[in-house]
Amino acid sequence: MISLRTLGKHWKLTLIAVFSLAVAMALAVLSLSMSDTFLLASPAAPEANRLVNIHGHSAEIAVDEISYPDYQYLREHNHVFTDIAAAPNSISINGEDFEGREVKVISRPVSGNYFAVLGIRAERGRLLAPGDEASKTHVAVMTHACWHRLGSDPKIVGKVLFGNTIVGVTPEQFTGGFYGLNGDLFVLLNDSNYNAEWRTQRDARHLMLLARLKADVTRRQAQVEIAALSGQLASAYPKEDKGRSAVVTRATLLPPDGIATAELALSILMGLVILVLLIACANVANLLLAVAVGRRQEAAIKLALGAQRSRLIREFLGESALLCAGGAALGYVAAVSVVRRFSHLEIDFGVLGTFSFGINLHLNAAVIGFTLLLVLIAIVATGLPPALYASSPHLATLLGSEAVAGGRRKGMRRNALAVVQVAVCTFVLIGMGLCHRNLYNLRHVDPGFSARNLVAVQVYPASDHESDTQIKNTYQRLRASVAALPGVESTALSLEVPLSLGFWKVAVEFPDHTRQMKIAQNVIDENYFATFGIPLLEGRNFNSGDREGRTEAIVINRKAAETFWPRRDPLGQALLVGDAPLGPAPATGQPQRRAVVIGVTANGKYSDFDEPDQAVIYSALGQHSQAGFTIVARTKGDPRLWVGPISRVVREAGLTTPFHPLTYEAWSNFPLLLQRLAAAIVDVLSGLGLMLAAIGLAGAMSYAVSERKKELGIRVALGAGRRDLLAMILRQTAAVSSIGILAGILLGVAATALLRSKLFGIGVVEWRVLVSVASGMLLVSLTVAYLSTRRWIRVNPMEAIRHA
Numbered sequence: 026m027i028s029l030r031t032l033g034k035h036w037k038l039t040l041i042a043v044f045s046l047a048v049a050m051a052l053a054v055l056s057l058s059m060s061d062t063f064l065l066a067s068p069a070a071p072e073a074n075r076l077v078n079i080h081g082h083s084a085e086i087a088v089d090e091i092s093y094p095d096y097q098y099l100r101e102h103n104h105v106f107t108d109i110a111a112a113p114n115s116i117s118i119n120g121e122d123f124e125g126r127e128v129k130v131i132s133r134p135v136s137g138n139y140f141a142v143l144g145i146r147a148e149r150g151r152l153l154a155p156g157d158e159a160s161k162t163h164v165a166v167m168t169h170a171c172w173h174r175l176g177s178d179p180k181i182v183g184k185v186l187f188g189n190t191i192v193g194v195t196p197e198q199f200t201g202g203f204y205g206l207n208g209d210l211f212v213l214l215n216d217s218n219y220n221a222e223w224r225t226q227r228d229a230r231h232l233m234l235l236a237r238l239k240a241d242v243t244r245r246q247a248q249v250e251i252a253a254l255s256g257q258l259a260s261a262y263p264k265e266d267k268g269r270s271a272v273v274t275r276a277t278l279l280p281p282d283g284i285a286t287a288e289l290a291l292s293i294l295m296g297l298v299i300l301v302l303l304i305a306c307a308n309v310a311n312l313l314l315a316v317a318v319g320r321r322q323e324a325a326i327k328l329a330l331g332a333q334r335s336r337l338i339r340e341f342l343g344e345s346a347l348l349c350a351g352g353a354a355l356g357y358v359a360a361v362s363v364v365r366r367f368s369h370l371e372i373d374f375g376v377l378g379t380f381s382f383g384i385n386l387h388l389n390a391a392v393i394g395f396t397l398l399l400v401l402i403a404i405v406a407t408g409l410p411p412a413l414y415a416s417s418p419h420l421a422t423l424l425g426s427e428a429v430a431g432g433r434r435k436g437m438r439r440n441a442l443a444v445v446q447v448a449v450c451t452f453v454l455i456g457m458g459l460c461h462r463n464l465y466n467l468r469h470v471d472p473g474f475s476a477r478n479l480v481a482v483q484v485y486p487a488s489d490h491e492s493d494t495q496i497k498n499t500y501q502r503l504r505a506s507v508a509a510l511p512g513v514e515s516t517a518l519s520l521e522v523p524l525s526l527g528f529w530k531v532a533v534e535f536p537d538h539t540r541q542m543k544i545a546q547n548v549i550d551e552n553y554f555a556t557f558g559i560p561l562l563e564g565r566n567f568n569s570g571d572r573e574g575r576t577e578a579i580v581i582n583r584k585a586a587e588t589f590w591p592r593r594d595p596l597g598q599a600l601l602v603g604d605a606p607l608g609p610a611p612a613t614g615q616p617q618r619r620a621v622v623i624g625v626t627a628n629g630k631y632s633d634f635d636e637p638d639q640a641v642i643y644s645a646l647g648q649h650s651q652a653g654f655t656i657v658a659r660t661k662g663d664p665r666l667w668v669g670p671i672s673r674v675v676r677e678a679g680l681t682t683p684f685h686p687l688t689y690e691a692w693s694n695f696p697l698l699l700q701r702l703a704a705a706i707v708d709v710l711s712g713l714g715l716m717l718a719a720i721g722l723a724g725a726m727s728y729a730v731s732e733r734k735k736e737l738g739i740r741v742a743l744g745a746g747r748r749d750l751l752a753m754i755l756r757q758t759a760a761v762s763s764i765g766i767l768a769g770i771l772l773g774v775a776a777t778a779l780l781r782s783k784l785f786g787i788g789v790v791e792w793r794v795l796v797s798v799a800s801g802m803l804l805v806s807l808t809v810a811y812l813s814t815r816r817w818i819r820v821n822p823m824e825a826i827r828h829a
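The numbering of the sequence shown is this note's numbering, which starts it at 26 and goes up by one.
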């Protein structure tokens with residue numbers, strides 16, 4: 026009761042402290058939940074402890090995919106698993122009209138036994154079954170999140186979406202295996218773009234495996250057997266599998282190659298959240314210090330009368346516990362609300378459409394336990410220093426005099442907390458500045474082509490039964506129709522565009538079989554280089570003579586020329602090139618066709634803005650058969666004005682497209698998705714940290730100045746004006762803030778040195794960021810000081826002295 030009355034007496038500071046802790050604790054709970062979900066939790070399936078992942082391993086690639094033939098061998102010859110399922114570590118995005126509205130969904134191909142291995146049951150209908158792969162009917166399973174987004178139609182089973190008959194809906198708690206995202210549709214691996222050739226080529230690796238251990242088998246025993254089977258494959262197929270093995274790991278929501286990145290990202294996130302929590306704790310400590318100052322004489326009298334110091338300390342810790350418990354409770358309630366929204370999260374990507382990204386975050390015993398540990402630490406950290414200060418046994422000067430709140434020692438303690446708040450806030454803001462500087466640097470990288478006024482759209486034949494000649498003729502008519510639009514300067518057809526989702530890779534080899542590697546490839550027409558403004562350094566471009574039946578012609582970039590023929594003229598040289606990619610795989614099989622270099626282009630950026638120079642070969646559209654292509658147009662004005670006309674031309678040509686036409690500014694956001702997400706998260710945390718610091722500083726400063734009424738009254742009585750008082754307070758604030766800002770800058774410089782390798786174009790000391798943050802933080806501190814104290818500097822000296 027004493028604690029509640031004391032906190033009620035200082036209700037404004039109490040609200041500030043509880044609000045600060047609620048925000049910080051909500052962030053902490055969410056961060057702990059994300060860490061538990063992505064790094065520790067197993068898929069939501071019965072006996073999930075028996076589920077394991079299997080991935081390839083070699084000296085060159087620690088975590089690699091597995092080919093379909095090797096998957097079949099492991100599945101048929103092992104004695105440690107009930108079954109093994111397969112799924113590529115990729116997704117596809119499709120769009121079409123469904124029941125009168127445009128729908129875009131994320132689909133993932135899986136083997137027919139995928140859900141049987143997981144052991145889950147359908148919420149509606151049934152799930153995929155092994156027998157579906159032998160059936161000629163195209164079937165799919167819809168996730169609960171997608172079903173919910175489409176209106177929760179109770180008759181969804183039996184309806185057709187993207188040529189697949191929906192046979193069932195997954196349970197709500199099911200979390201898909203692609204980076205923990207539920208996605209929309211699960212389709213059969215047989216029905217995807219993975220063709221028959223990839224099913225027979227052992228070096229066409231694109232699968233990650235999910236297996237269920239038999240009841241009496243341990244993961245270690247499974248690893249021994251899988252290693253033995255890998256050895257058999259290496260002996261039987263030395264050219265494809267020599268030096269390769271398979272590794273068995275615990276099943277998690279993230280693929281094995283994503284765990285290290287997730288650990289780093291979540292560690293940084295948790296570090297930032299702890300810094301925000303530190304600011305909140307400083308706010309609480311400020312409140313309790315204010316309470317301690319007012320009760321110091323009371324505590325001294327109790328000690329003089331024989332009270333135990335430990336009892337007084339317990340009283341102050343009780344007040345800290347009330348504040349921290351209240352803040353933690355409110356924060357937990359807020360976190361639960363956010364977690365529930367995450368399970369049905371839908372994100373609108375504008376022209377790309379709205380997609381379901383439901384993530385089933387966990388608030389289990391481990392998360393709650395760690396949260397309680399943070400609460401205990403906060404109680405001790407915020408309550409113990411004020412308790413020790415108020416219960417000091419040195420009483421001689423207290424029993425015979427007033428305890429002046431504005432005294433040097435008390436002011437030093439409050440200033441120390443202010444320094445901590447400013448330093449932490451400065452450090453977090455520097456992190457925000459570095460993220461945005463990183464994005465700025467990436468955005469201003471020379472991509473190796475002219476990005477001015479470009480618009481592109483992916484197109485596919487409406488029917489699977491058209492011949493290669495029909496498809497090529499349709500694309501040529503489409504290109505001519507787009508080129509005929511007013512304001513279109515040039516058009517081109519290509520398999521991919523740079524800086525979208527990256528180029529496919531094919532196997533290439535010298536004719537004498539002395540060297541083989543896999544490099545990026547794009548299939549293009551003769552207008553591609555001119556449309557993109559890519560300079561041709563040597564040789565010639567493709568022309569109408571480069572068609573099927575003739576020697577295959579390729580154009581390579583400078584990096585490829587330096588890689589294959591570092592001291593020779595590359596023109597006229599030959600390579601053996603693998604099949605052109607027909608679906609989402611990282612590479613095709615063995616090199617099969619002889620191709621002659623006819624030209625060399627400049628290097629560019631193909632997958633990421635910060636990628637090192639990589640070798641690329643360009644093949645002629647006339648010599649390759651492809652189902653899907655991208656048509657690119659360069660316009661005379663704002664390319665967004667041509668989105669509608671190009672969409673109309675695509676529809677009139679009878680072609681389908683998963684997206685509306687995209688400008689370069691839109692598609693080039695794909696490589697920056699993670700950086701933009703990181704910057705957005707840091708922005709939110711920085712904003713919250715700055716807000717909490719400003720609120721805490723305002724409350725503490727207002728209270729501190731109010732306790733100095735007598736001092737201010739005396740100064741006014743001696744002739745000081747209001748401007749003098751304001752200048753004095755602002756000077757003191759500037760001095761304290763400068764110390765905190767300097768400390769934050771030193772921490773920021775140290776952190777920059779540690780994280781430079783993860784950022785692009787960032788120097789050891791980013792003066793623009795440091796100066797901007799320091800100036801902004803000082804301005805915020807002075808503004809807070811002015812707004813918090815202006816009412817107290819209008820003091821009547823006699824009233825101040827009389828009532829102080």
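Ideal Cβ placement from N, Cα and C applies to all residues, glycine included.
Beta carbon of residue i nearer than 8 Å to that of residue j
i, j, result
"H104", "A271", "no"
"T830", "S519", "This structure cannot settle anything about residue 830, because the visible part of the chain is limited to 26 through 829."
"L510", "E563", "no"
"L699", "V453", "no"
"I86", "L99", "no"
"V794", "V674", "no"
"L313", "T407", "yes"
"L467", "F785", "yes"
"G765", "A443", "yes"
"T396", "M802", "no"
Nearest to residue i (by Cα), restricted to the options the options
i, options, result
"V142", "R126, A73 and A87", "A73"
"H169", "E158, R146 and S160", "R146"
"G188", "F589, F211, A406 and V309", "F211"
"S45", "A350, H461 and D633", "A350"
"A285", "S117, V88 and L812", "V88"
"N78", "V54, A481, K184 and A247", "A247"
"R504", "R366, A658, S650 and N566", "A658"
"A545", "I623, E534, A640 and H469", "A640"
"A229", "L398, N215 and D266", "D266"
"E197", "R174, L214 and R781", "R174"
Cβ-based burial, residue i [other Cβ within 10 Å; buried from 16]
i, result
"S132", "buried"
"G718", "It is worth fixing the name first, because residue 718 is Ala in this sequence and not Gly. The residue is buried, with at least 16 neighbouring Cβ atoms inside 10 Å."
"I36", "One detail in the question is off: residue 36 reads as Trp in this sequence, not Ile. Its Cβ having fewer than 16 others within 10 Å, W36 is exposed."
"A403", "buried"
"L232", "buried"
"D550", "buried"
"D493", "exposed"
"M542", "exposed"
"P591", "exposed"
"Q257", "exposed"
"T516", "buried"
"W692", "buried"
"K161", "exposed"
"R433", "Here R433 scores only 49 on pLDDT, less than 50, and its place in the model should not be relied on; the value that follows carries that caveat. Exposed: under 16 other Cβ atoms inside 10 Å."
"T626", "buried"
For residue i, the residue or residues it bridges with in DSSP
i, result
"P113", "L232"
"T660", "V513"
"P486", "L680"
"T688", "V480"
"M542", "V533"
"F211", "R133 and V166"
In chain order, each alpha helix (DSSP H) run of at least 4 residues that lies wholly inside the stretch 557–614: 583–589
Any alpha helix (DSSP H) of 4 or more consecutive residues that is wholly inside the stretch 280–361: 281–319 and 321–329
Sequence ranges, alpha helix (DSSP H) only - wholly within the stretch 131–206, length at least 4: 139–143 and 169–174
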